[in-house]
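In what follows, a structure is listed as structure tokens, so that the remarks can point back to it.
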Amino acid sequence: MDSLELAPQIKHSIKPSKCFSALTNERRIFATPWHWYVHGLGLGQETTDFDPQKGTRLLEISLVLEQKTQSTYHKFTNHLLHGIVAKCEALSSGVSLTEQKVNEQFTKAIELLPNNSWEYARACALLTETLVKLGLLESYRKKVHYHLSKALTEVSQLKPATQKLRYEQLQLFANLLLAAGQAEFTDLLTLRQNNGDTYGDKALQVATTISDVFYLGRGSAIIFSVLGIIGQGETVYSGQHNHLQKLLDIFDSEIRNLSSRDSDGVHQGVDYYIFPLSLILNAIAVLGCHDYLTYKRDWISQSCSLFQVLASTSQASQITFLLSALDNLGALNCFIPDVTDFFYQSMAGYLNSTDGSQVDDYLRCTYLINLAYQLGIPDRIHPRIWSILLNNMARLLGSESYVESTYGSSYMMTAYAISAFDRIGRLDVLFEEKIGLPNAIRYFKDAPQVTAIHSPRTAFALIETALRMRPIESGDTPLFRNCPIFLKNLN
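Per this note's numbering: the sequence shown = residues 21 to 511.
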């Protein structure tokens, strides 16, 4: 197919960029679809102004998602989404009549916060971030503080039985602590339990109970980054428990076991190592601990070398993790002087290595599309990328062929597709006959347990896309505006 034409408002807002320097600080730290749709971090950046058609389409998808899942969580997110769309419309038009509707929707969302501790924590963090970014927190401050405090208590009392669940617990700590930082709830960040530990201390203790490097590295890197952002970075690398040093000790020893793990359908071999390592490098940038870049080995050179031996398909989805880490460390020019050419090589390598029929093709394409957007070159995406993504979606949405695959969930595919097409202002493509959202959601065949895991990712995509309809001049929140990484970058 021909390359999709960018929507006019996207054409006018795009400016070629030397990698991530034109992005908000929040987007530079949380730069990938994995951050946004798997863990709900960094939502709503790269704002585009209000678009009534887009708002209507997002609400259509959300309604069907709520009806399909019959879930309290999606009832909550549907009201949250209605509030976001109404507020963005009010900000755009200046009409105050919609403010009553905004208040009704957010009040209802708060009433519908789920009871399940895992869902409740995720919802509380999402609610807080949303209100902060819309400038509405003051109207709900007391209620939000109560719920965030309760959620932190509940998450700290969870006793997950598996390493993967402890990793998820760690991610919830990150969401809640970041939300508390965004809301400037300093008392929650510094509150000490009976044993003298803060919630940040508790999160770091959870990390020590995870031995699987894939979960340990990614979970630790995110909580390290969040603690750095909220001003508690010293707890990561000082005192008797130097968590950063211990993590690098583990990664130094594990580099000998790079090919010992079976593929999960997307990751294989070196992927399981370089993915968390790129996140760790990003955390080192946030913490400002540049001395650790050469602790036991040259970690930047190591990451770049490992990237070169990745399969071309893996490079397509790992490239943004590596580039954003190098950029935030101030090392990008030294290691990858021509970022655009590096992107083209990665895209060409991916296209030469796939027939477009793999279950994970939608994921690889979405990463490349988002990176092209961040580089300011979305019009240079190869037409075959769009063909693969559309054909992949049309073939797999609602199919039973890959429901057993970790990455075969129709809900996850939908989240990534919303992201990709929104980047060029073309959500309308998903509503055309070939894909047929939102009606296609009615026929998703994911099992209940899979739906519980992956349908929140569709909700994250809807919230992310709606928050991007804030005024185009919307920038960082105060927390990210004053983030240390960008006040003393290494150059």
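We put the beta carbon where it would ideally sit given N, CA and C, even for glycine.
Alpha helix (DSSP H) containing Ser377: first to last residue? From DSSP, Ser377 is part of no alpha helix (DSSP H); its letter is neither H nor E.
Looking at Lys128 and the ligand COA, is the gap between the Cβ and the nearest heavy atom below 7 Å? Summarising the ligand content, the structure contains no ligands, and the ligand COA is consequently not present.
8 Å Cβ cutoff met for Ser366 and Ala336: Going by C-beta atoms, Ser366 is nearer than 8 Å to Ala336.
State the DSSP-derived secondary structure class of Lys74, mapped to helix, strand or coil. Looking at Lys74 - three-state DSSP - the assignment turns out to be helix.
Less than 8 Å between C-beta atoms, sequence neighbours within five positions excluded: which residues of the same chain meet that for Ile473? For Ile473, where only same-chain residues beyond five positions count, the Cβ hits under 8 Å are Ser429.
Could you give the DSSP three-state label for Ile81: helix, strand or coil? In the displayed model, Ile81 falls within a helix according to three-state DSSP.
Taking a contact to mean a Cβ-Cβ separation below 8 Å, would you say Gln125 touches Gly103 in this structure? Against a cut-off of 8 Å, the Cβ pair of Gly103 and Gln125 comes out as a contact.
In whole angstroms, what is the alpha-carbon distance linking Ile492 and Cys108? In a straight line, the C-alpha of Ile492 is about 11 Å away from that of Cys108.
Residue range of the alpha helix (DSSP H) that Ile304 falls in? It spans Asp291 to Leu307 - the alpha helix (DSSP H) in which Ile304 sits, taken as one unbroken run.
Is the CB-CB distance between Val306 and Gly220 below 8 Å? Against a cut-off of 8 Å, the Cβ pair of Gly220 and Val306 comes out as no contact.
Going straight from the alpha carbon of Asp282 to that of Ile294, what length do you get? When the Cα atoms are used, Asp282 and Ile294 turn out to be separated by approximately 15 Å.
Measuring only the C-alpha atoms, how far is Leu352 from Glu158? Distance from the CA of Leu352 to the CA of Glu158, rounded to the nearest whole angstrom, comes to 40 Å.
Classify Asn195 as buried or exposed, calling it buried when 16 or more other Cβ atoms lie within 10 Å of its own Cβ. By the neighbour-count definition (other C-beta atoms within 10 Å, threshold 16), Asn195 is a buried residue.
For the alpha helix (DSSP H) containing Ala435, list its first residue and its last residue. Element bounds for Ala435: Ser430 to Arg443.
Three-way DSSP call (helix, strand, coil) for Ile130 in this model: Residue state, collapsed to three classes: helix.
Are the segment 398-407 and the segment 78-93 in contact at 8 Å, needing three or more beta carbon pairs? Segments in contact, no.
Under three-state DSSP, which class holds Ser33? Confidence at Ser33 is low in this model, with a pLDDT of 48, below 50, so its placement is unreliable and the value that follows should be read with caution. Ser33 falls in the helix class under three-state DSSP.
Rounded to the nearest angstrom, what separates Asn412 and Val379 at their Cα positions? Cα to Cα, the separation comes out at about 7 Å.
Contact set for Phe451: own chain, Cβ-Cβ below 7 Å, skip 5 residues either direction: Non-local beta-carbon contacts of Phe451 in its own chain, meaning distances under 7 Å to residues more than five positions away in sequence, involve Arg77 and Leu457 in chain order.
Cβ separation of Thr340 and Tyr387, assumed to be a contact under 8 Å, to the nearest whole Å: Indeed they touch by this definition, with Cβ atoms about 6 Å apart.
Answer with buried or exposed for Asp311, where buried requires no fewer than 16 other C-beta atoms within 10 angstroms of its C-beta. Classification of Asp311: exposed, given that the 10 Å Cβ count is below 16.
Terminal residues of the continuous alpha helix (DSSP H) containing Ile104? Start and end: Thr92 to Ser113.
CB contact flag (Ala227, His263, <8 Å): Ala227 is a Cβ neighbour of His263, given a cutoff of 8 Å.
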